[in-house]
Amino acid sequence: MKTQISKLGRPKLRGQATLELALTLPLFLMLLTGIFEVGRLIFLYGSVLSSSREAARYGSGTGENLAGTVYYRDCEGITNRAISQGLIANLKPTDITIEYDHGPDSNGENTIFAICPIATDLALGDRVIVTVSTTYSPIINFNNIVSFPITSVTTRTIIKDLDVMGTPPWTNTPKPTHTPTFTVTPTIIPSETATPTHTPPPTLTFTPTLTPTITLTPTITLTPTITLTPTITLTPTITFTPSITPTPTITSTPTATRTATPTSTPTATRTSTPTRTLTPTLQSLCGTWTVQNPAVSSNSWAIDIYSSSSINETYIFRIQVEWTGTALLDTVALRTKPIWADTATSIADLTFPYTYHEDLLIPAIINTPNQLRLTFSETNFTIKHVKVYFDNGCYVQYYSDPYP
């Protein structure tokens, strides 16, 4: 009887574990699928939001693209920027809408007055509105989860004109090369100590503190013709041989008036004239970055920026350009990508407050040229000086040879 009970009990235990697994496995799979779908939904929403924001930022910038179209009219460029930023959302051009308004009115309402492509010119304060939409569909189709749209709208004010008022022109202040000035205290070796018999002997206190500027200021109005012939030999020791030839008839007036009238005495005045030594080589303040290979092609001029470090990278934040001729500076491009577009005359001081920061990067890649190209309105120009500032305090610069 005991043997029969033990044989009948084993199948009941195995059947209980299988039943528990069958009850809990669907709940576990549903929970795992829900976590996956929520994460995918958040990721898709972030991609759509970033896409509309970057497209509006592109369309609100000042300047022109390589084809000469201003950014707020470049419908294809705005659309491509949105698609490139929303790869996860698998966007299509039909998912992107580009509109324009004049900003909120007194009631806080926005009125759309045009869509891209726009035929009229915009005014100061007009805005570009980029709307990006996509549809979220769950991978695993449940009856209670339906597809729904995800939409992101970004509005930015268009920077149509950017005038910098009151900026003083840039001037090139060369650093003087200081030539060493000899601080020579000359030793006056009189050849003859003559004691002339003056009727009243004037008290001549000779304390000659002769520095490089020999100021023999005391012009003693003595009627005696004292021929002081100081033969100044400008050697490291200036030996003044004042051969005083005293004449016996020294009728000196007793009024030895010391007037501070400068006499034309031999003054060895060494003035440190600031000689501007402009070496025609390419100069650099920090040794990591250099410029090489200047080249002229039709109405453009280019030069390569090199980095000798595989660790330190930097960003361009300012460029100064000086040239001669009637041409106007139109665009500046780094590695064929425009970073500035406007019209400027020499001397131009360019900054990039609305340029995408990564477009100004000088990467830490050794011996790889980063070409900086300047495009002018015509061929009548000659580059004289180009100075590129980095955000780490360093700069590189180029001077023409000869520099005027």
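First residue of the sequence shown: 224, per this note's numbering; consecutive thereafter. The C-beta atom is built at its ideal place from N, Cα and C for all residues, glycine as well.
Delimiting residues of the beta strand (DSSP E) encompassing residue i
{"i": "residue 360", "result": "Run containing residue 360: none; DSSP gives neither H nor E here."}
{"i": "residue 556", "result": "552-557"}
{"i": "residue 609", "result": "605-613"}
{"i": "residue 573", "result": "571-574"}
{"i": "residue 319", "result": "319-324"}
{"i": "residue 595", "result": "593-599"}
Inter-residue Cα distance where the pair is residue i and residue j
{"i": "residue 585", "j": "residue 561", "result": "15 Å"}
{"i": "residue 260", "j": "residue 272", "result": "18 Å"}
{"i": "residue 380", "j": "residue 256", "result": "42 Å"}
{"i": "residue 342", "j": "residue 297", "result": "12 Å"}
{"i": "residue 616", "j": "residue 511", "result": "12 Å"}
{"i": "residue 314", "j": "residue 299", "result": "14 Å"}
{"i": "residue 248", "j": "residue 258", "result": "16 Å"}
{"i": "residue 521", "j": "residue 325", "result": "41 Å"}
{"i": "residue 251", "j": "residue 242", "result": "15 Å"}
{"i": "residue 598", "j": "residue 289", "result": "11 Å"}
{"i": "residue 245", "j": "residue 262", "result": "27 Å"}
{"i": "residue 509", "j": "residue 580", "result": "22 Å"}
{"i": "residue 349", "j": "residue 625", "result": "48 Å"}
Beta-carbon spacing of residue i, residue j below 8 Å
{"i": "residue 295", "j": "residue 355", "result": "no"}
{"i": "residue 553", "j": "residue 564", "result": "yes"}
{"i": "residue 558", "j": "residue 593", "result": "yes"}
{"i": "residue 278", "j": "residue 312", "result": "no"}
{"i": "residue 321", "j": "residue 282", "result": "yes"}
{"i": "residue 308", "j": "residue 329", "result": "no"}
{"i": "residue 382", "j": "residue 612", "result": "no"}
{"i": "residue 531", "j": "residue 589", "result": "yes"}
Residue i, enclosing alpha helix (DSSP H) - first and last residue
{"i": "residue 305", "result": "298-308"}
Closest by C-alpha distance to residue i, when choosing among the options
{"i": "residue 550", "options": "290, 563, 565 and 569", "result": "569"}
{"i": "residue 537", "options": "547, 258 and 582", "result": "582"}
{"i": "residue 372", "options": "239, 378 and 360", "result": "360"}
{"i": "residue 363", "options": "254, 516, 598 and 604", "result": "254"}
{"i": "residue 323", "options": "297, 353, 307 and 577", "result": "353"}
{"i": "residue 286", "options": "555, 264, 309 and 510", "result": "555"}
{"i": "residue 516", "options": "529, 510 and 509", "result": "529"}
{"i": "residue 339", "options": "329, 319 and 314", "result": "319"}
{"i": "residue 370", "options": "378, 376 and 358", "result": "358"}
{"i": "residue 547", "options": "580, 597, 265 and 603", "result": "603"}
{"i": "residue 601", "options": "335, 263, 580 and 567", "result": "567"}
{"i": "residue 591", "options": "533, 335, 539 and 544", "result": "533"}
{"i": "residue 267", "options": "291, 310, 240 and 238", "result": "310"}
Close beta carbons around residue i, own chain, < 8 Å, minus the five adjacent residues each side
{"i": "residue 623", "result": "503, 605, 606, 607 and 608"}
{"i": "residue 526", "result": "514, 515, 516, 517, 518, 594, 595, 609 and 621"}
{"i": "residue 302", "result": "278, 316, 319 and 321"}
6 Å CB neighbourhood of residue i in its chain, flanking five on each side removed
{"i": "residue 280", "result": "none"}
{"i": "residue 374", "result": "356"}
{"i": "residue 542", "result": "573 and 611"}
{"i": "residue 333", "result": "324 and 327"}
Spatial neighbours of residue i in its chain, beta-carbon cut-off 7 Å, leaving aside the 5 residues before and after
{"i": "residue 276", "result": "377"}
{"i": "residue 264", "result": "359"}
{"i": "residue 336", "result": "323, 324 and 325"}
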